[in-house]
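To keep things clear, I will list the structure first and then write my remarks on it.
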Amino acid sequence: MVESHGRRVPNKWVKTEALLGHSLLASHIPPTRSYTADNLRSMLNEHGMVVIKPVLGSGGNGVIKVQQEGSGYSYSYYARKRQYATFEALFASIGSVKKKRAYLIQKGIRLATIGGRPIDYRVKYEKTATGWIYRSMVGRLAKPGLFVTNLCRGGTMVTAAHGIRRSLSASQVASKKREMRELTVAATQVLESKFPGVNLLGYDYGIDRNGKIWIFEVNTKPQ
Ligand SMILES: Nc1ncnc2c1ncn2[C@@H]1O[C@H](COP(=O)(O)OP(=O)(O)O)[C@@H](O)[C@H]1O
Ligand SMILES: [Mg+2]
């Protein structure tokens, strides 16, 4: 196998910031901030659900979903779910499971589901001697009981068409695939100019229950 020499940019913050500089792309990126108690509290007030993820993370590792529930809070970490009556108790508990590294907080997107399992999409885009080409576009269905769809966390791969048809509607298959391809082209232009040398990109797209497409992250040198 030929080893790819493309550039790797592991930091989720710098990639997100680069895309936020482009107005079309910015409207598809969930509001994102650094992890602090004040930001967690205000984002929970504003969005009701947020996702906390390591700035240098992959494979769904350490990703935590936090929700406001009635007058209290809950969070899901791997298959475990815990509930707390106060923000202080919630924050202390997250602090005890989190590693000592930087995290970011992102508005939680209520993904469209199949049989209650969230689905998102991976688009692989590669630079060749004659330009950028699509390698694949697939859906990833979360393992029952989990909110992350990563295949290494037990997610199931399905065709993008199957995923869109079953989680939204058959009438949206062509338009959602087209929109993901358009976002991929625009985002790749931004990332290539900001990070010259990238040549293999893996886009993680969520589609919410209203059919809106969200960019969760862009992987450089994905598996
Ligand atoms: N803002 C979000 N709202 C809802 N689910 C999310 C959000 N961000 C990530 N996820 C879920 O968590 C998974 C892992 O997050 P991602 O940002 O792709 O990090 P990783 O590098 O660990 O793959 C995603 O594939 C998706 O299923
Ligand atoms: Mg991912």
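Per this note's numbering, the sequence shown runs over residues 1 to 223. All C-beta atoms, glycine included, are put in the ideal place defined by N, C-alpha and C.
Any non-hydrogen atom of ligand 2 within 7 angstroms of residue i CB
i, result
"F147", "no"
"E179", "no"
For residue j and residue i, the rounded distance between their alpha carbons
i, j, result
"A85", "L56", "31 angstroms"
"N39", "I105", "8 angstroms"
"E226", "K12", "One cannot answer for residue 226 here, as it falls past the ends of the chain, which runs 1 to 223."
"D208", "R110", "5 angstroms"
"G139", "Y73", "30 angstroms"
Cβ shell of residue i (< 7 angstroms), same chain only, five flanking positions each side left out
i, result
"F91", "A37, L40"
"Y77", "I64, V97"
"T188", "Y125, W132, L201"
"P144", "R117"
Close Cβ partners of residue i (< 6 angstroms) along its chain, the five nearest in sequence each way excluded
i, result
"P31", "K107"
"T156", "L141"
Residue i CB to nearest heavy atom of ligand 1 below 7 angstroms
i, result
"I105", "no"
"E217", "yes"
"N150", "yes"
"V63", "yes"
"K81", "no"
"S58", "yes"
"K53", "yes"
"L111", "yes"
"G70", "no"
Any non-hydrogen atom of ligand 3 within 7 angstroms of residue i CB
i, result
"G206", "Among the ligands in the structure shown, ligand 3 does not appear; only ligand 1 and ligand 2 can be found there."
Does the contact criterion of 3 or more C-beta pairs under 8 angstroms hold for the region 65–73 versus the region 9–27? no
Is it true that the region 153–163 meets the region 114–134, where meeting means three or more beta-carbon pairs spaced less than 8 angstroms apart? yes
At least three beta-carbon pairs within less than 8 angstroms, the region 184–198 to the region 95–106: no
Counting beta carbon pairs with one atom in the region 167–175 and one in the region 148–158, are three or more of them shorter than 8 angstroms? no
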